[in-house]
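For reference, the structure discussed in these notes is given below.
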Amino acid sequence: MSTKVLAFINFKGGVGKTACAVNIAATLAKLHEKKVLVVDLDPQSNSSLWLMRPDQWREHVAKGRRSTFEIFDDAIQGKERFNFAESVVKGVVTWTGFVEVPQLHLLPASVELLKVEDRIHELRAPTVYRILERALKDHLGAYDYVFFDCPPNLYSTTKNAIFLSDSCIVPYIPDYLSLSGFQVLAEYIAELRGKYTDSAGDRRHPNVGGVIVSHYRQTGNVFRLAINELEIMLAELRTHGILETNVSLLQPFIRHCVRVAESTSEHLPVVLYAPGCIGAQDYSDLTQNFLTHFHHKR
Amino acid sequence: MNYQELASKLLHTAERVQKHAHKLEGDTINKSAVRLAADVDRFEEILSGFLASRKSGELFLETLLRSPAAKKYVTLELLRKALRETCSKRLKSEELGGAKREFIEAVHASERAEPAVKYLKHAFAEAAYVPPAGKDKAALQHEFLQLGRLSDEDYATTIAKRTFGELRRLAGTNGIRFTDKTTKPHLIKSIRRYARRLAANLPT
Ligand SMILES: Nc1ncnc2c1ncn2[C@@H]1O[C@H](COP(=O)(O)OP(=O)(O)O)[C@@H](O)[C@H]1O
Ligand SMILES: [Mg+2]
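The listed protein sequences correspond, in order, to chains A and B. Quick note on numbering that gives the first Met the number 0: the first sequence kicks off at 0 and runs consecutively. Quick note on numbering that gives the first Met the number 0: the second sequence kicks off at 0 and runs consecutively.
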């Protein structure tokens with residue numbers, strides 16, 4: 000089985016990293032029979048809380064155990080406590096109390112991840128960027144897709160995810176602040192690519208594989224103009240070799256939909272919570288094209 | 000809970016009851032045992048019905064027909080075609096809800112769940128597909144950026160050479176809204192405004 004490992008990144012917050020990771024993962028598992036692992040790397044633990052009830056989550060990750068925090072804490076403390084089988088959560092609990100989408104797995108985060116950045120620099124490169132790889136490499140092969148839901152920054156945990164991923168996916172809200180941020184992000188990843196592909200025998204190739212537009216609204220032409228600017232920026236960055244040629248603006252755009260926001264309070268991906276809403280339809284079509292884009296047809 | 004856990008739970012209880020069966024007695028546990036037996040009977044009945052009526056392919060077909068893509072793309076016409084091509088049958092229902100039920104039953108009767116799933120999946124994928132933008136669009140976007148980088152005088156001379164039709168295509172492709180009443184001078188002003196904004200927002 001060839002696993003696709005993707006990091007959902009953007010150093011802006013609230014742009015839909017978590018929403019895209021969670022909802023594309025759930026759609027792949029539920030409607031395309033894929034085995035998918037979501038790895039939550041954000042101390043805010045949003046994808047964990049989207050897929051788990053708060054009490055269930057709190058109990059599971061009590062004291063930072065059985066969470067992605069433990070992976071980094073082990074590395075800092077030189078311990079080996081993290082146990083994948085015990086940490087991974089399989090399926091989501093629906094209102095009946097029964098588990099649905101057993102093919103969707105989650106490695107939850109815990110708030111203790113906040114402490115990681117302060118101490119992680121006690122470790123040296125390249126070890127510091129291979130912490131996730133060391134802990135997860137033997138487990139990823141069991142999945143069709145592995146998604147890293149990253150925090151809104153490009154610090155060490157995100158870098159770990161970028162280094163372990165085949166590509167990065169950048170969720171994007173169409174406005175100028177996102178546009179300027181995107182350029183910085185693309186340049187940063189190009190720099191990592193230049194730095195690390197040079198070192199002999201290194202197969203890692205940090206790159207942006209796709210951009211997803213989220214929170215899209217059709218009113219007026221504000222968003223159409225902003226998308227046009229994004230498309231032209233993508234073309235320019237490609238021309239200058241900052242982005243690679245296969246980067247794609249994935250279709251369709253995810254429209255703003257209150258049901259998506261509401262599904263977080265129900266702790267269910269929107270395809271389970273409200274399969275008929277426009278948000279679920281957009282994620283469904285996007286997932287379809289996502290599969291085609293990453294050449295992972297059944 | 001999942002069904003694996005349910006199975007383990009039942010096995011665990013069954014083993015304990017079997018081991019201690021000879022010494023279990025008294026109203027409290029007797030009553031609870033009768034209730035449990037009745038619940039198990041009811042569950043067995045539902046389970047049997049479930050297993051008799053659906054194979055995994057059909058279950059997935061039902062999931063597909065309740066999916067977001069189904070809500071968007073499943074029409075009477077699509078079901079009619081799907082049924083004809085996968086089961087060589089004619090759809091009778093004239094209303095979507097009924098047609099979905101009829102479709103599932105017909106597929107079940109002909110044991111054609113697999114091709115039916117394949118047919119629907121393919122139809123959904125086709126419907127969701129967005130063809131990549133052509134060279135035309137890329138060229139018009141590039142031209143738009145170049146216009147934004149021109150000085151006022153150069154812009155005025157360059158734009159004057161364009162026909163109204165060309166300007167409308169340039170504006171439309173680049174997300175600028177206009178109506179049938181929009182005049183040429185107005186369009187030239189709009190294009191200038193947004194092309195300049197673009198040039199300023201993009202790195203040089
Ligand atoms: N399509 C959507 N429509 C409406 N609200 C959305 C949509 N997608 C995400 N949201 C909401 O927007 C907020 C930010 O999204 P989130 O995925 O958490 O962003 P990020 O992970 O980038 O910080 C969340 O509160 C979420 O509920
Ligand atoms: Mg998030």
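Beta carbons are placed, not taken as given, at the ideal position from N, Cα and C, and that holds for glycine. Quick caveat: nothing in here was measured; it's all calculated off a predicted structure.
Interface residues of chain A facing residue i [CB-CB closer than 8 Å]
{"i": "residue 189 of chain B", "result": "Here the premise fails: no neighbours, minimum Cβ distance about 10 Å."}
{"i": "residue 63 of chain B", "result": "30"}
Contact list for residue i against chain A, beta-carbon separation under 7 Å
{"i": "residue 174 of chain B", "result": "220, 223, 224, 226, 227"}
{"i": "residue 127 of chain B", "result": "284, 287, 288"}
Interface residues of chain A facing residue i [CB-CB closer than 9 Å]
{"i": "residue 123 of chain B", "result": "30, 283, 284, 287"}
{"i": "residue 17 of chain B", "result": "Here the premise fails: no neighbours, minimum Cβ distance about 27 Å."}
Partner residues on chain B for residue i, Cβ-Cβ distance less than 7 Å
{"i": "residue 51 of chain A", "result": "The contacting residues do not exist; residue 51 of chain A stays about 14 Å from chain B at best."}
{"i": "residue 96 of chain A", "result": "0"}
{"i": "residue 182 of chain A", "result": "202"}
{"i": "residue 240 of chain A", "result": "None at all; the shortest Cβ gap to chain B is about 13 Å."}
C-beta neighbour in chain A for residue i, strict 8 Å
{"i": "residue 66 of chain B", "result": "yes"}
{"i": "residue 145 of chain B", "result": "no"}
{"i": "residue 70 of chain B", "result": "yes"}
{"i": "residue 137 of chain B", "result": "yes"}
{"i": "residue 82 of chain B", "result": "no"}
{"i": "residue 197 of chain B", "result": "yes"}
{"i": "residue 193 of chain B", "result": "yes"}
Exposed unless 16 or more other CB atoms sit within 10 angstroms - verdict on residue i
{"i": "residue 145 of chain A", "result": "buried"}
{"i": "residue 150 of chain A", "result": "buried"}
{"i": "residue 49 of chain A", "result": "buried"}
{"i": "residue 61 of chain A", "result": "exposed"}
{"i": "residue 260 of chain A", "result": "exposed"}
{"i": "residue 313 of chain A", "result": "A query on residue 313 of chain A cannot be resolved here, the shown segment of chain A reaching from 0 to 297 and no further."}
{"i": "residue 193 of chain B", "result": "buried"}
{"i": "residue 271 of chain A", "result": "buried"}
{"i": "residue 29 of chain B", "result": "exposed"}
{"i": "residue 184 of chain B", "result": "exposed"}
{"i": "residue 38 of chain B", "result": "exposed"}
{"i": "residue 296 of chain A", "result": "Annotation note: pLDDT 38 at residue 296 of chain A (below 50); position unreliable, no value reported."}
{"i": "residue 65 of chain A", "result": "buried"}
{"i": "residue 19 of chain B", "result": "exposed"}
{"i": "residue 49 of chain B", "result": "exposed"}
{"i": "residue 257 of chain B", "result": "Since the first residue of chain B shown is 0 and the last is 203, residue 257 of chain B is not available in this structure."}
{"i": "residue 111 of chain A", "result": "buried"}
{"i": "residue 111 of chain B", "result": "buried"}
{"i": "residue 0 of chain B", "result": "exposed"}
{"i": "residue 282 of chain A", "result": "buried"}
{"i": "residue 74 of chain B", "result": "exposed"}
Residue i at chain B interface by Cβ criterion, 8 Å
{"i": "residue 55 of chain A", "result": "no"}
{"i": "residue 18 of chain A", "result": "no"}
{"i": "residue 234 of chain A", "result": "yes"}
{"i": "residue 260 of chain A", "result": "no"}
{"i": "residue 178 of chain A", "result": "yes"}
{"i": "residue 230 of chain A", "result": "yes"}
{"i": "residue 280 of chain A", "result": "yes"}
{"i": "residue 275 of chain A", "result": "yes"}
{"i": "residue 217 of chain A", "result": "no"}
{"i": "residue 102 of chain A", "result": "no"}
{"i": "residue 187 of chain A", "result": "no"}
{"i": "residue 299 of chain A", "result": "Limits of chain A in this structure are 0 at one end and 297 at the other, which puts residue 299 of chain A out of reach."}
{"i": "residue 193 of chain A", "result": "no"}
Neighbour list for residue i in chain B, Cβ cutoff strictly below 8 Å
{"i": "residue 270 of chain A", "result": "66, 67"}
{"i": "residue 15 of chain A", "result": "The premise fails here: residue 15 of chain A is roughly 17 Å from chain B at the closest Cβ pair, so nothing lies under 8 Å."}
{"i": "residue 90 of chain A", "result": "1"}
Same chain only: Cβ atoms within 7 Å of residue i, ignoring 5 sequence neighbours per side
{"i": "residue 91 of chain B", "result": "101"}
{"i": "residue 292 of chain A", "result": "209, 247, 249"}
{"i": "residue 222 of chain A", "result": "173, 215, 216"}
{"i": "residue 4 of chain A", "result": "139, 145, 163, 164, 165"}
Same chain, Cβ closer than 8 Å to residue i, neighbours up to 5 away in sequence not counted
{"i": "residue 201 of chain B", "result": "144"}
{"i": "residue 11 of chain A", "result": "151, 172, 176, 177, 180"}
{"i": "residue 177 of chain B", "result": "167, 170, 171, 185, 186, 189"}
{"i": "residue 139 of chain B", "result": "168, 169, 172, 173"}
{"i": "residue 161 of chain B", "result": "169"}
Chain B contact residues for residue i, given Cβ-Cβ distances below 9 Å
{"i": "residue 251 of chain A", "result": "127, 129"}
{"i": "residue 208 of chain A", "result": "Per Cβ cutoff of 9 Å: no residues; residue 208 of chain A is ~16 Å from chain B at best."}
Hey, which unbroken runs of the beta strand (DSSP E) at 3 residues or more fall wholly within the segment 35-92 of chain A?
-> The segment 35-92 of chain A contains these whole beta strand (DSSP E) runs: 35-39, 88-92.
Segments of 4+ residues assigned as alpha helix (DSSP H) that fall wholly inside the segment 192-269 of chain A | 221-238, 257-264
Fully enclosed by the segment 50-82 of chain B, which alpha helix (DSSP H) runs are 4 residues long or longer?
-> Look at the segment 50-82 of chain B and you find these whole runs of alpha helix (DSSP H), each 4 residues long or longer: 55-64, 67-72.
Every unbroken beta strand (DSSP E) within the segment 103-151 of chain A, with a cutoff of 3 residues, ordered by chain = 144-148
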